[in-house]
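Student:
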Amino acid sequence: MSLATAISPPQRARLFAGSLVPRLVAGIVILGFWEWLVREFAPDFVAKPSAIIAVLPGVVSSGPFLESTAITLAATAEGLVVALLFGTAIGVLIGRSQLADRILRLWINGFNSMPMIVVLPLMSLWFGYTTYARFATIIFAAIFAVIINAAEGARSVPKEYVEVASSYRSGRFRMMFEVVLPASMPYLLAGLRLAFGRALIGAVVAEFFTAIPGLGYFILYNSRTYHQNEAFVAVILLAGFGVGCDMLISWGTRQYLPWYRRDERAE
Amino acid sequence: MFASIRRHAPFVLSLAGGLGLWEIAGRHSSPAFLVPLSATLERLVQLLERGHLVDLFLSSASLFVTGFVAAVIIGMPFGLLLARVRMLREALDLYIMILYATPMVALIPFILSIMGFGFAPKVLVVFLFAVFPILYNTIEGARSIKPELIEVARSYRSREWALWREVMVPYTLPYTMTGVRQAIARALVGMVAAEFFLSSSGLGGLIMGASQSFDTAGVFAAMLIIGVLGVALTRAGLMLENHFARWRG
Numbered sequence: 511m512s513l514a515t516a517i518s519p520p521q522r523a524r525l526f527a528g529s530l531v532p533r534l535v536a537g538i539v540i541l542g543f544w545e546w547l548v549r550e551f552a553p554d555f556v557a558k559p560s561a562i563i564a565v566l567p568g569v570v571s572s573g574p575f576l577e578s579t580a581i582t583l584a585a586t587a588e589g590l591v592v593a594l595l596f597g598t599a600i601g602v603l604i605g606r607s608q609l610a611d612r613i614l615r616l617w618i619n620g621f622n623s624m625p626m627i628v629v630l631p632l633m634s635l636w637f638g639y640t641t642y643a644r645f646a647t648i649i650f651a652a653i654f655a656v657i658i659n660a661a662e663g664a665r666s667v668p669k670e671y672v673e674v675a676s677s678y679r680s681g682r683f684r685m686m687f688e689v690v691l692p693a694s695m696p697y698l699l700a701g702l703r704l705a706f707g708r709a710l711i712g713a714v715v716a717e718f719f720t721a722i723p724g725l726g727y728f729i730l731y732n733s734r735t736y737h738q739n740e741a742f743v744a745v746i747l748l749a750g751f752g753v754g755c756d757m758l759i760s761w762g763t764r765q766y767l768p769w770y771r772r773d774e775r776a777e
Numbered sequence: 009m010f011a012s013i014r015r016h017a018p019f020v021l022s023l024a025g026g027l028g029l030w031e032i033a034g035r036h037s038s039p040a041f042l043v044p045l046s047a048t049l050e051r052l053v054q055l056l057e058r059g060h061l062v063d064l065f066l067s068s069a070s071l072f073v074t075g076f077v078a079a080v081i082i083g084m085p086f087g088l089l090l091a092r093v094r095m096l097r098e099a100l101d102l103y104i105m106i107l108y109a110t111p112m113v114a115l116i117p118f119i120l121s122i123m124g125f126g127f128a129p130k131v132l133v134v135f136l137f138a139v140f141p142i143l144y145n146t147i148e149g150a151r152s153i154k155p156e157l158i159e160v161a162r163s164y165r166s167r168e169w170a171l172w173r174e175v176m177v178p179y180t181l182p183y184t185m186t187g188v189r190q191a192i193a194r195a196l197v198g199m200v201a202a203e204f205f206l207s208s209s210g211l212g213g214l215i216m217g218a219s220q221s222f223d224t225a226g227v228f229a230a231m232l233i234i235g236v237l238g239v240a241l242t243r244a245g246l247m248l249e250n251h252f253a254r255w256r257g
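Line by line, the protein sequences are chains A and B.
Just so we're aligned: the first sequence equals residues 511 to 777 in the working numbering.
Just so we're aligned: the second sequence equals residues 9 to 257 in the working numbering.
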């Protein structure tokens, strides 16, 4: 047995314990502080950990909550699919064609740096207080992140790949689907990760604004009727979606694109 | 000079083309749906002359600046502390990551019912939007410091102050600045969200009011200002980030 294998398992165990115990302690301290703060200084309706835990099973199995979750997730997925399809198409066009890049880049960057929720009132003017307003808001929120990452990905495809493919007389279609898109996959995933978070925010904000059913409205309604603990369960779920999507995509990148390393968090 | 023209020409043309398209499309559609550029600018001048616009802008700006500066003042030192004290960082990084990924807009109804309609709850919203990217990226930066660097500094009996000045700050600051850039963009979203969903005020309030009275031109005028503001702030953030990225390893 080599020295390395002999000492590595206990070391790993210690590392694991080294971060588990402080994390647990920190978690308990944070929750305890929150509980104390609310009990001591806040009115009774304010959300506190003990009460959230108490209502958690009831809320999670309640009809309105599950329905709201399903509605918001479905709406987010719908908008995201549209944003991904169109965003990738536009992005690849910008990445592969200098003319398109020159015409569009200014506008894409401009819209991307606009806080997307300013379109909400306009969407409600255009579509009324309907699910279409939410749909449009989600697309608007998500699409520019997709475009920018797809363009960057298409631009970064190594020249050699394209040259080899074209010297084998690869047609445009196959070039796109068998060379350019696979090669820019890591960028597309980075775009998807950003877009998912933004789409989710777009959905929640649109539901606040237009009062159409969904998780956002669930939060709004419950916190207005002094059911903050119930409302907070939905916040936890939203945070879970955000973290879950992050973890899923970085796991997918490591699993299926192991050659790829990049500052994944770059926005 | 020709080189400069050639370099800038595509952008000027693209800008002019897009604005022209807006004008033409606006003239050929219902004014409730889309307002041409000229009418938007006209409305903008009207708003300026009535004196509201400057006040609204200042109100928004003071909200943005207060929340953002609070996020920087609290986020940067705390982030550096987390960078230095490994135990603390390992204890808190998971929670900061979770809060970084949480859509902060979801907390607005809580803030509203606890803190009401004043200035403070709005500042809190902007602060919450802005602070976590700073913390998150600073921790990422701290993780990127090679342990050897600290070991070498130690073995040369570096004092705490020198360790901070020569190793900790230079190595984490570029990452922190990436966080600051993200924070600028998020603080702007937070500002608009706070003005929409807490008491209506500033430029966000202007959009809300205009949309409720079906004043499409007013909506476009306010969106134009916020859009230009967004572009300017994003550029400023990128410049800040690039300035500090120079010594990034």
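Every residue, glycine too, gets a C-beta built ideally from N, C-alpha and C.
1. Hey, is the segment 102 to 122 of chain B in contact with the segment 167 to 180 of chain B, meaning 3+ C-beta pairs nearer than 8 Å?
2. Can you pull out the residues from the segment 104 to 131 of chain B whose beta carbon lies closer than 9 Å to at least one beta carbon of chain A?
3. Taking CB distances under 8 Å as the criterion, tell me whether LEU616 (chain A) reaches chain B.
4. Out of curiosity, what's the CA-to-CA distance linking ALA230 (chain B) and ALA33 (chain B)?
5. Between the alpha carbons of ILE653 (chain A) and TRP636 (chain A), how many angstroms are there, rounded?
6. Please classify ALA170 (chain B): is it buried, with 16 or more other beta-carbons within 10 angstroms of its beta-carbon, or exposed?
7. Counting only the same chain and skipping the five closest in sequence on each side, list residues whose C-beta sits under 7 Å from that of GLY87 (chain B).
8. For LEU136 (chain B), decide whether its Cβ has a neighbour in chain A, counting only Cβ atoms nearer than 8 Å.
9. Could you name the residues of the same chain whose beta carbon sits closer than 7 Å to that of PHE125 (chain B), not counting the 5 residues immediately before and after it, in chain order?
10. Is the CB-CB distance between GLY198 (chain B) and LEU136 (chain B) below 8 Å?
11. Residues of the segment 540 to 563 of chain A in Cβ contact with chain B at a cutoff of 9 Å, in chain order, please.
12. Does any CB atom of chain A fall closer than 8 Å to the CB of PRO18 (chain B)?
13. Within its chain, find whatever has a CB closer than 6 Å to the CB of ARG522 (chain A); leave out the 5 residues flanking it on each side and keep chain order.
14. Residues of chain A with CB under 8 Å from VAL227 (chain B), in chain order?
15. Return the chain-ordered list of same chain residues with a C-beta closer than 7 Å to the C-beta of VAL745 (chain A), the five sequence neighbours on each side being excluded.
16. Assuming LEU452 (chain A) and VAL753 (chain A) make a contact with CB atoms under 8 Å, what is their CB distance in whole Å?
17. Quick one: list the residues of chain A neighbouring THR224 (chain B), beta-carbon separation under 7 Å, in chain order.
18. Using alpha carbons as the reference points, say which of B:THR186, B:GLY217, B:MET84, B:ALA195 lies closest to MET624 (chain A).
19. Should the segment 664 to 677 of chain A be regarded as contacting the segment 626 to 646 of chain A, the criterion being three or more beta carbon pairs within less than 8 Å?
20. With H, G and I counted as helix, E and B as strand and the rest as coil, what does DSSP make of PHE135 (chain B)?
21. Within 8 Å of any Cβ in chain B, is that where the Cβ of SER607 (chain A) sits?
22. Can you tell me whether THR735 (chain A) is helix, strand or coil according to DSSP?
23. Check whether the segment 692 to 701 of chain A touches the segment 754 to 769 of chain A, taking contact to mean three or more Cβ pairs, one atom from each stretch, closer than 8 Å.
24. Quick check: what's the CA-CA separation for VAL602 (chain A) versus PHE118 (chain B)?
25. List, in order along the chain, the chain A residues whose C-beta lies closer than 7 Å to that of MET95 (chain B)?
26. Shortest alpha-carbon distance to GLN79 (chain B) belongs to which of B:PRO111, B:ARG189, B:PRO18, B:HIS251?
27. Would you call PRO155 (chain B) buried or exposed, if buried means 16 or more other Cβ atoms sit within 10 Å of its Cβ?
28. Report the option in A:ARG644, A:ASN619, A:GLU688 whose CA atom is closest to the CA atom of VAL656 (chain A).
29. To which residues of the same chain is ALA91 (chain B) closer than 8 Å at the C-beta, ignoring the five residues directly before and after it?
30. Quick one: Cα of PHE543 (chain A) to Cα of TYR642 (chain A), how far?
31. What three-state label does DSSP hand ASP668 (chain A) in the structure shown?
32. Would you identify the three-state DSSP class for SER518 (chain A), choosing helix, strand or coil?
33. Alpha carbon to alpha carbon, how far is PHE140 (chain B) from ARG35 (chain B)? Give it in angstroms, no decimals.
34. Determine, using beta carbons only, whether ALA191 (chain B) comes closer than 8 Å to chain A.
35. Please list the terminal residues of the continuous alpha helix (DSSP H) segment that includes PRO18 (chain B).
36. Give me the Cβ distance between ILE116 (chain B) and VAL628 (chain A), rounded to the nearest whole Å; I'm assuming they're in contact under 8 Å.
Tutor: Result, derived from the coordinates:
1. no
2. MET105, ILE106, LEU107, TYR108, ALA109, THR110, PRO111, MET112, VAL113, ALA114, LEU115, ILE116, PRO117, PHE118, LEU120, SER121, ILE122
3. The count along the first sequence starts at 1 and reaches residue 616 (chain A) at position 106. Taking Cβ atoms only, chain B reaches closer than 8 Å to LEU616 (chain A), which makes this a yes.
4. The residue you call residue 230 (chain B) lines up with position 222 of the second sequence. The residue you call residue 33 (chain B) lines up with position 25 of the second sequence. One C-alpha to the other measures close to 19 Å.
5. Counted from its first residue, the first sequence places residue 653 (chain A) at position 143. Counted from its first residue, the first sequence places residue 636 (chain A) at position 126. Taking the straight line from one Cα to the other gives about 19 Å.
6. Numbered from its first residue, the second sequence carries residue 170 (chain B) at position 162. So ALA170 (chain B) counts as exposed.
7. Indexing the second sequence from 1 puts residue 87 (chain B) at position 79. These residues qualify, in order along the chain: ILE142, LEU143, THR146, ILE147, THR184.
8. Counting from one through the second sequence, the residue named residue 136 (chain B) turns up at place 128. Not one chain A Cβ lies under 8 Å of LEU136 (chain B).
9. Looking up residue 125 (chain B) in the second sequence gives position 117. The residues are LEU206, SER207.
10. Position 190 of the second sequence, counting from 1, holds the residue named residue 198 (chain B). Position 128 of the second sequence, counting from 1, holds the residue named residue 136 (chain B). Yes.
11. ILE540, ALA552, PRO553, PHE555, VAL556, ALA557
12. Position 10 of the second sequence, counted from the start, is the residue given in the question as residue 18 (chain B). True, the Cβ-Cβ gap to chain A drops below 8 Å.
13. Residue 522 (chain A) sits at position 12 when you count from the first residue of the first sequence. Here the model assigns ARG522 (chain A) a pLDDT of 40, short of 50, so the residue's position is not dependable and the matter cannot be decided.
14. Reading the second sequence from its first residue, position 219 is the one you call residue 227 (chain B). Those are PRO631, LEU632, LEU635, listed as they occur along chain A.
15. In the first sequence, the residue the question calls residue 745 (chain A) occupies position 235. The answer, listed in chain order, is ILE729.
16. Only positions 511 to 777 of chain A appear in this structure, which leaves residue 452 (chain A) out of reach.
17. The count along the second sequence starts at 1 and reaches residue 224 (chain B) at position 216. Simply LEU635.
18. Residue 624 (chain A) sits at position 114 when you count from the first residue of the first sequence. Taking only the C-alpha atoms, the option nearest MET624 (chain A) is B:ALA195.
19. no
20. Here residue 135 (chain B) refers to the residue found at position 127 of the second sequence. Looking at PHE135 (chain B) - three-state DSSP - the assignment turns out to be helix.
21. Stepping through the first sequence from its first residue, residue 607 (chain A) is reached at position 97. By this cut-off, SER607 (chain A) is not an interface position.
22. Taking the first residue of the first sequence as 1, we reach residue 735 (chain A) at position 225. In this structure, THR735 (chain A) counts as coil in the three-state DSSP scheme.
23. yes
24. Along the first sequence, read from residue 1 onward, the residue named residue 602 (chain A) stands at position 92. Along the second sequence, read from residue 1 onward, the residue named residue 118 (chain B) stands at position 110. The straight-line gap from Cα to Cα measures roughly 42 Å.
25. Position 87 of the second sequence, counted from the first residue, corresponds to residue 95 (chain B). Simply PRO532.
26. The count along the second sequence starts at 1 and reaches residue 79 (chain B) at position 71. In the sequence under discussion, the amino acid at residue 79 (chain B) is Ala, which differs from the Gln named in the question. That would be B:ARG189, whose Cα lies nearest to the Cα of ALA79 (chain B).
27. Residue mapping note: residue 155 (chain B) aligns to position 147 of the second sequence, counting from 1. With fewer than 16 Cβ atoms within 10 Å of its Cβ, PRO155 (chain B) is classed as exposed.
28. The count along the first sequence starts at 1 and reaches residue 656 (chain A) at position 146. The shortest C-alpha separation from VAL656 (chain A) is found at A:ASN619.
29. For the purposes of this step, residue 91 (chain B) is identified with residue 83 of the second sequence, where counting begins at 1. Hits under 8 Å: ARG97, THR146, ILE147, GLY149, ALA150, ILE153, MET176, THR180.
30. By one-based count along the first sequence, residue 543 (chain A) stands at place 33. By one-based count along the first sequence, residue 642 (chain A) stands at place 132. Those two C-alpha atoms are separated by around 42 Å.
31. As a first step, residue 668 (chain A) is located in the first sequence; it is residue number 158 there, counting from the start. Residue identity differs from the one stated: residue 668 (chain A) is Pro in this sequence, not Asp. In the structure shown, PRO668 (chain A) sits in coil (DSSP, three-state: anything other than H, G, I, E or B).
32. Position 8 of the first sequence, counting from 1, holds the residue named residue 518 (chain A). Its pLDDT being 37, under 50, SER518 (chain A) is placed unreliably in this model, and the coordinates cannot settle the point.
33. Within the second sequence, numbered from 1, the residue matching residue 35 (chain B) stands at position 27. Within the second sequence, numbered from 1, the residue matching residue 140 (chain B) stands at position 132. Going by the C-alpha atoms only, they are around 44 Å apart.
34. Mapped onto the second sequence, residue 191 (chain B) falls at position 183. Not one chain A Cβ lies under 8 Å of ALA191 (chain B).
35. Position 10 of the second sequence holds residue 18 (chain B). Looking at the DSSP string, the run of the alpha helix (DSSP H) that includes PRO18 (chain B) is 10 to 35.
36. Translated into the one-based positions of the second sequence, residue 116 (chain B) becomes position 108. Translated into the one-based positions of the first sequence, residue 628 (chain A) becomes position 118. ILE116 (chain B) to VAL628 (chain A), Cβ: 16 Å. No contact.
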